[in-house]
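Numbers in this note's numbering are just positions in the sequence shown, counted from 1, shifted up by 153. Remarks on the structure that follows.
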Amino acid sequence: MKSIRQFVGRKRIEWWEAGIRFTCLPNCGRCCDEPDGIVYLSREDVIRISNNFGIEAEKWLERDARKTYDGRYVLKSTPEKGTCIYIEEDKGCKIHGVKPAQCSSFPFWNENVRDDPSWRKTIEICPGLVHPDAILIDGNTIRTHIEADAHAERGFKQW
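Written out as structure tokens, the structure is:
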């Protein structure tokens with residue numbers, strides 16, 4: 154990856170627009186098992202996850218979320234290891250079908266694709282980016298993931 158961005162006419166072309174090979178590996182969990190990771194929550198995430206548990210959103214927020222220093226809601230981490238509260242022993246996700254948008258968007262977060270050093274660090278964390286069974290994820294899908302991550306990161310402060 155020589156150049157992160159190219160310009161064609163006045164339109165900026167991101168390096169990933171041609172696609173990136175990726176597959177989410179079963180029971181890998183490396184993205185969820187990072188100590189002190191932060192998963193920002195959108196209102197849509199809270200509704201989807203609390204409905205999955207059959208409890209009111211406010212009760213779920215109290216039980217499984219916390220506020221950051223600036224007041225945005227994030228998923229709680231385990232007190233022992235600082236990892237995701239929903240990661241299972243076998244590295245599966247307890248709420249895989251309804252997990253937060255930020256989780257579903259990994260590895261295609263803006264902070265990961267913004268420059269070469271960030272992407273190289275992401276490759277070290279995520280074996281699905283170099284796996285032989287990885288499929289080509291098109292640029293439009295990647296952009297959708299980046300936007301979903303940005304929406305979650307903006308978060309919300311009041312329910």
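Even for Gly, the Cβ is constructed at its ideal location relative to N, Cα and C.
Buried versus exposed call for residue i [16 or more other C-beta atoms within 10 Å across all chains shown]
| i | result |
| --- | --- |
| Glu306 | buried |
| Gln311 | exposed |
| Ile295 | buried |
| Asp217 | buried |
| Gly308 | buried |
| Asn265 | buried |
| Ile200 | exposed |
| Gly281 | buried |
Bridge partner(s) assigned by DSSP for residue i
| i | result |
| --- | --- |
| Val227 | Tyr193, Arg219 |
| Cys237 | Ser230 |
| Phe175 | Ile288 |
| Cys181 | DSSP, once it has assigned bridges, lists no residue as partnering Cys181. |
| Cys246 | Ile240 |
Chain E contact for residue i (CB, 8 Å cutoff)
| i | result |
| --- | --- |
| Gly207 | Of the protein chains in this structure there is only one, and it is not chain E. |
Separation of residue j from residue i, as counted between CA atoms
| i | j | result |
| --- | --- | --- |
| Ile202 | Cys185 | 17 Å |
| Lys225 | Ile208 | It is Arg, not Lys, that sits at residue 225 in the sequence shown. When rounded, the distance between both Cα atoms is 21 Å. |
| Cys181 | Ile240 | 10 Å |
| Glu170 | Lys247 | 32 Å |
| Val283 | Leu178 | 11 Å |
| Tyr222 | Ser230 | 15 Å |
| Ser258 | Asn293 | 13 Å |
| Lys212 | Gly245 | 24 Å |
| Pro270 | His298 | 20 Å |
| Asn205 | Asp291 | 30 Å |
| Pro285 | Cys237 | 27 Å |
Whole-Å CB distance - residue i paired with residue j, under 8 Å assumed
| i | j | result |
| --- | --- | --- |
| Arg183 | Leu289 | That belief does not hold up - the Cβ atoms of Arg183 and Leu289 are roughly 21 Å apart, past 8 Å. |
| Cys279 | Val192 | Contact doesn't hold; Cβ gap of about 16 Å is too wide. |
| Ser287 | Thr176 | It is worth fixing the name first, because residue 287 is Ala in this sequence and not Ser. Sure, about 4 Å apart at Cβ, within 8 Å. |
Minimum C-alpha distance to residue i - residue among the options
| i | options | result |
| --- | --- | --- |
| Leu315 | Asp223, Lys212, Leu228 | Here the chain covers residues 154 to 312 and nothing more, so residue 315 does not appear. |
| Asp198 | Pro253, Phe206, Pro179, Ile238 | Pro253 |
| Gly235 | Glu300, Cys279, Gly190 | Gly190 |
| Glu167 | Ala301, Trp272, Asp243 | Trp272 |
| Arg196 | Leu214, Phe206, Glu187 | Leu214 |
| Asn263 | Glu300, Lys212, Arg165, Ala210 | Glu300 |
| Gly172 | Pro260, Glu277, Ala210 | Pro260 |
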